[in-house]
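Novice:
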Amino acid sequence: MSSSSSSSSRVRYTLKRRRNIVANSSDTEVSVTPPRKRVRREQSEIVGKPDCRLDELLRRRMFDSTDDTVIDDLKSMKEFKRDQDVLWVAQHIFDKVKLAVKAEIREEGRKTLEVELYLRWLQGLDYVVKGIVAILDAKIPGTRRRVTGVGRISFSLLYNLMETFIDEVDSHQNGWSFRHPAGPVEPDPLIMTLAEECNDSNSDVRSEEAVQTAEEFFDRYDKVMVVALRRYKSECNKKLMALSIDRKEENLSRGCCLLSEQTGYGGTDDMGFNLLLETRDAMIQWKLEGQSSP
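Residue 274 in this note's numbering sits at position 181 of the sequence shown; the count goes up by one each step and never skips.
(1) Taking the alpha-carbon positions, what's the residue 218 to residue 190 distance?
(2) May I ask you to report which of helix, strand or coil DSSP gives residue 374?
(3) Just tell me which of 205, 250, 319 and 266 has its CA closest to the CA of residue 284.
(4) What is the DSSP secondary structure of residue 205, reduced to helix, strand or coil?
(5) Taking three-plus beta-carbon pairs below 8 Å as touching, is the segment 314 to 325 in contact with the segment 240 to 252?
(6) Looking only at its own chain, which residues have a Cβ that is under 8 Å from the Cβ of residue 210, when we skip the five neighbours before and after it?
(7) Alpha carbons only, please: which of 334, 345, 180 and 258 is nearest the one belonging to residue 213?
(8) If I'm right that residue 382 touches residue 331 with Cβ under 8 Å, what's the distance once you round it to whole angstroms?
(9) For residue 216 and residue 308, what's the separation of their Cα atoms in angstroms?
(10) Take residue 261 as the anchor and find which of 339, 208, 366 and 303 has the nearest alpha-carbon.
(11) According to the Cβ coordinates, are residue 368 and residue 360 closer than 7 Å?
(12) What separation, rounded to the nearest whole angstrom, lies between the Cα atoms of residue 235 and residue 336?
Encoded structure:
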């Protein structure tokens, strides 16, 4: 199947951001169901407290590519046995990144644009991307053969981290969070409001720089994610997993559309069509191969 065939199969989504609407009636509350709403697992739903050593493992592998114990530890982590557990780990990582970024902004004491905040979130994930690159490059000791069994883990983590990022941006844009159903999240006084951005003479330049840097990060993320996807495909029953990959691709495409509308990533005219393009093309190719297999 040619790349042009897979490109023609991609669907352009036009997703409008929706806000919660609360009726004025004292006994009636009407809310618009947000797009891409995902159920977050409470920690109490997990049997036993998860052992989130992932930060340590990724950093160890990133700084010491000869430490092969990282691979065995990673493959044996119970948090990676099911997709929903990978999602929990991704959220755990992202929560730590958000807290670190918030602390940095408070220490600097400088008003930050929303797009600059989102860029910092992305940059906080850089060590994960580098760690996964090192894991995918790992060789079986004494041979030139790559270590097997890391494709699913690597792809699932990158996919869920990106899904979490998109959801967090959506939550922040709408002034509330899926993880805080009791009410809206308190606005951070160091994050500029739209009115403040309009009155800041440097906001346009700063915004353009933040968007461009974020797009560069997305390009690098895409290249790593597509390698992880292809490794996953080579290590599993690709026909059996084709439907799951199809669902993930559709959700990712809708998310990129939403993200583009809210941040300007990839150009708002294209509605995120060019974000994570290599990965989404490879996912569509996988789906088409699964459909054509006997």
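The C-beta atom is built at its ideal place from N, Cα and C for all residues, glycine as well. Please read these numbers as outputs of a predicted model, since none were measured by experiment.
Specialist: According to the structure shown:
(1) 7 Å
(2) helix
(3) 205
(4) strand
(5) yes
(6) 194, 198, 265 and 284
(7) 258
(8) 7 Å
(9) 11 Å
(10) 208
(11) no
(12) 37 Å
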